[in-house]
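Have a look at the structure below before the remarks.
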Amino acid sequence: MEKRHGFLKYFSLGVLLLMVLFITGCTLFGPGPLPNQPVTDQTKLEPSDPRYVADLLADDELQSIVNDASQTAVAKDFKVMYEGKFNFKTLADEFDPSKILDILQPHETYIKKIEAFLNDGAKKFYTHPERQNYIVEIQGERKDKIVALAKRINPEVNAPEKLYMDYRDFSMAYNILAGLYYSYIAAVQADHFEKAWKEVLTITSTDTKFVIKDARDYIRAILFELAKGPLTDFSKVREYTTNLLSINNPTDLLNMADILNPEPFKLVNVNKMLDAVKWSVMSYLEIGVFENNTSIVDNKGYRKDGKESITTLFAKAFETNECFVAKNVLENKLEMPEDLGTLKLNGKVPEKVKDVLEEFNKALPNVGMIELTQEATTNLLFDEYKYKYKFIYTLDFRKLYKDSIDLRDNNIGIKKAFFDTIFASADAYNGFKKRLADGQLTNEDVSLIINNLPFIVLSIDPNNPSAGVRFQLNNNGNLNDPAAKIEFILYAKYTEVMPKVSSAVKTFVVREGLKQKLEEMLKTNQK
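Sequential numbering of the sequence shown, starting at 57, is according to the numbering used here.
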């Protein structure tokens with residue numbers, strides 16, 4: 057009996073061990089090979105299969121999107137990607153993001169196919185150690201449709217007898233598809249945000265679905281107390297103000313998080329987007345390695361084994377001299393115009409495009425941070441004197457890598473100390489209110505306001521005075537722990553530059569008002 061129990065014990069342990077080995081097999085022995093069987097008309101592909109990218113490229117909906125987008129800057133710059141002359145500034149200047157929804161919204165089914173592929177097949181591909189050696193043949197109808205896309209560019213291009221997809225093709229396709237998907241997601245979220253913000257700004261009362269109910273009640277209570285007439289006891293006002301600021305963190309700051317509901321002021325799937333950016337950056341660098349591998353490609357960028365890949369097919373359609381996607385671009389020198397001063401990335405001056413991408417590749421998706429600084433001198437609006445200034449852009453991917461980011465959780469607000477001061481007594485409140493209405497704020501009033509606006513950066517150090525603004529996204533409601541920030545610092549005395557800024561703004565407002573009035577008169581005369 058004891059022997060049988062001993063046998064059962066060891067048998068159970070053996071079965072348990074086999075189950076563990078089966079479940080963790082990929083971890084212990086490495087991932088299985090990427091599927092490289094030829095894609096035929098009989099091949100049914102799933103989003104979990106990296107070859108599914110062939111389905112997405114051959115989909116009729118992609119051709120429809122290409123038709124709709126054929127006049128955009130993206131389409132015009134597609135050719136120069138092969139020539140190593142892709143210009144992001146041109147793309148930013150010419151492409152209108154508002155058109156993205158118009159182009160992509162009718163293709164939501166196709167967008168969902170891309171999403172499924174990005175979450176599964178693409179992830180499997182970019183986490184595989186043998187991805188750069190990948191190559192698979194595309195046959196049948198899928199091949200014909202991809203060739204048809206090339207023939208739309210150049211009807212004279214010859215259809216190859218065999219068509220292959222290698223690492224470079226997969227990465228090019230991935231970047232196009234991921235770009236479509238995340239452009240759509242960003243456009244949808246931006247559209248919701250814009251509509252909500254318009255409603256918040258145009259409805260003067262707090263009667264909107266975007267205002268938190270408790271915030272509405274506290275604001276009404278504060279206004280009711282202040283409207284009673286000359287107050288002698290501000291304890292209720294201070295109590296309601298404290299309660300209002302305590303709705304969300306930080307509790308010593310009144311900002312959007314205390315007033316507005318989370319939706320739609322929330323970016324979703326941020327971690328997945330950062331994964332996609334990581335793979336885009338990594339794959340572009342790896343395409344450079346691929347194109348520098350003389351055992352795979354020749355000195356023109358074509359495959360040495362003579363196999364026609366999707367990228368080489370399109371290069372022929374564009375009639376480019378070479379078929380290099382990344383090799384030349386990565387080696388391009390970064391030359392800043394003199395008036396833009398010095399650009400530094402994480403404290404170093406990047407010399408080539410490759411230097412920038414390598415820094416991002418090290419930091420993404422959640423292991424580091426990027427700090428981009430620009431230092432130069434500029435005229436302050438209409439002033440002839442040149443002032444030194446500094447722009448700082450910081451992204452901490454360790455804090456940004458989340459399912460969602462609350463845009464309300466920022467530093468645009470007023471600190472509790474401001475309300476504590478002006479609501480300290482009847483004299484404090486009435487005096488500040490009168491001076492504000494008369495436009496006769498004292499230096500103490502100005503200091504009170506500036507010191508309690510976290511987005512104002514001010515240094516009164518006589519040896520290094522500066523003034524500026526900072527916008528930041530807080531990390532989980534912590535004002536002292538930014539997840540991302542944009543900062544502009546002007547190295548000058550606040551008292552020196554503010555009168556000039558005020559004068560310039562007034563001039564600008566008057567000029568624009570006259571310009572608008574003139575345009576209205578011209579339109580009236582034309583009628």
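C-beta atoms are modelled at their ideal positions from N, C-alpha and C, and glycine is treated no differently.
- Message: Taking the alpha carbon of threonine 96 as the reference point, which residue from Tyr220, Ala540, Asp459 and Tyr445 has its own alpha carbon closest?
- Response: Comparing Cα positions, the closest option is Tyr220.
- Message: I need the straight-line Cα distance from methionine 228 to glutamate 347, nearest angstrom please.
- Response: If you draw a straight line from the Cα of methionine 228 to the Cα of glutamate 347, it comes to about 13 angstroms.
- Query: How would you label glycine 357, buried or exposed, when you count the other beta carbons within 10 angstroms and need 16 or more for buried?
  - Reply: buried
- Using beta-carbon positions only, say whether aspartate 308 and lysine 471 come within less than 7 angstroms of one another. In this structure, aspartate 308 sits near lysine 471, with a CB-CB distance shorter than 7 angstroms.
- Pick out whichever of Glu255, Val213 and Tyr223 has its Cα sitting closest to the Cα of proline 185. Tyr223
- Message: Looking only at its chain, what residues have a beta carbon closer than 6 angstroms to the beta carbon of lysine 410, apart from the 5 residues adjacent to it on each side?
- Response: Leu386
- Message: Between Val324, Ala172 and Thr183, which has its C-alpha nearest glycine 88's C-alpha?
- Response: Thr183
- Message: Judging by CA-CA distance, which residue of Ala234, Glu217, Ala215 and Glu212 is the nearest neighbour of lysine 169?
- Response: Ala234
- Less than 7 angstroms separating the beta-carbons of glutamate 193 and lysine 218? yes
- Query: When the Cα atoms are used, what is the spatial distance from asparagine 123 to valine 405?
  - Reply: Straight-line Cα distance between these residues: approximately 41 angstroms.
- The beta strand (DSSP E) with arginine 464 in it runs from where to where? First-last for arginine 464: undefined, no H or E at that position.
- Query: If lysine 54 sits next to alanine 114, beta carbons under 8 angstroms apart, how far is it from one beta carbon to the other, in whole angstroms?
  - Reply: As displayed, the chain neither begins before 57 nor continues past 583, which places residue 54 out of reach and without an answer.
- Please state if the CB of alanine 371 and the CB of asparagine 210 are separated by a distance shorter than 7 angstroms. no
- Message: Please state whether the Cβ-Cβ distance between phenylalanine 181 and tyrosine 108 is less than 7 angstroms.
- Response: Taking C-beta atoms as the reference points, phenylalanine 181 and tyrosine 108 fail to come closer than 7 angstroms.
- Message: Checking the sheet assignment: what are the DSSP bridge partners for lysine 404?
- Response: Leu401
- Determine the direct distance from the alpha carbon of valine 256 to that of asparagine 317, and round the result to whole angstroms. 11 angstroms
- Message: Output needed for lysine 363: all residues of its chain with C-beta closer than 6 angstroms, excluding positions within five of it in sequence on either side, in chain order.
- Response: Tyr220
- Would you give the residue range spanned by the alpha helix (DSSP H) that phenylalanine 511 belongs to? Counting along the chain, phenylalanine 511 falls outside any alpha helix (DSSP H), and DSSP gives it neither H nor E.
- How about the region 473 to 485 and the region 442 to 451: do they share at least three Cβ pairs that are nearer than 8 angstroms? No, the region 473 to 485 is not in contact with the region 442 to 451.
- Using the Cα positions of aspartate 314 and leucine 301, report the straight-line distance between them to the nearest angstrom. Inter-residue distance for aspartate 314 and leucine 301 is about 6 angstroms (C-alpha atoms, whole angstroms).
- Opening and closing residue of the beta strand (DSSP E) in which glutamine 245 lies: In this chain, glutamine 245 is not harboured by any beta strand (DSSP E); it is covered by the alpha helix (DSSP H) spanning 223 to 258.
- Item | Under 7 angstroms between C-beta atoms of valine 337 and asparagine 417 | yes
- First and last residue of the uninterrupted alpha helix (DSSP H) at glutamate 193: Careful: glutamate 193 lies outside any alpha helix (DSSP H), inside the beta strand (DSSP E) at 191 to 194.
- Query: Is DSSP giving arginine 526 helix, strand or coil here?
  - Reply: strand
- Out of Lys549, Ala178, Leu330 and Phe226, which has the shortest C-alpha to C-alpha gap to alanine 419? It is Leu330 whose Cα lies nearest to the Cα of alanine 419.
- Spatial neighbours of lysine 444 in its chain, beta-carbon cut-off 6 angstroms, leaving aside the 5 residues before and after: Thr433 and Tyr547
- Query: Thinking C-beta only, is leucine 90 closer than 7 angstroms to tyrosine 190?
  - Reply: yes
- Item | Residue range of the unbroken alpha helix (DSSP H) whose run includes methionine 338 | According to the DSSP assignment, methionine 338 belongs to the alpha helix (DSSP H) that extends over 326 to 347.
- Stretch-stretch touch, CB-based, cutoff 8 angstroms, three pairs: the region 270 to 279 with the region 422 to 431: Because the criterion of three Cβ pairs below 8 angstroms is not met, the region 270 to 279 and the region 422 to 431 do not touch.
- Query: In the region 418 to 454, which residue ranges form an unbroken beta strand (DSSP E) of at least 3 residues, counting only runs that do not cross its ends?
  - Reply: 425 to 435 and 442 to 452
- Message: Taking the alpha-carbon of phenylalanine 266 as reference, which of Tyr274, Trp253 and Asp273 has the nearest alpha-carbon?
- Response: Trp253
- Message: Can you give me the C-alpha to C-alpha distance between arginine 526 and valine 513, rounded to a whole angstrom?
- Response: 7 angstroms
- Message: Measuring only the C-alpha atoms, how far is asparagine 467 from methionine 425?
- Response: 20 angstroms
- Message: For glutamate 543, report the span of its beta strand (DSSP E) as first-last.
- Response: 534 to 546
- Task: Could you check if aspartate 158 is buried or exposed, using at least 16 other CB atoms within 10 Å of its CB as the buried criterion?
- Result: exposed
- Query: Just how far apart, CA to CA, sit leucine 323 and lysine 269?
  - Reply: 22 angstroms
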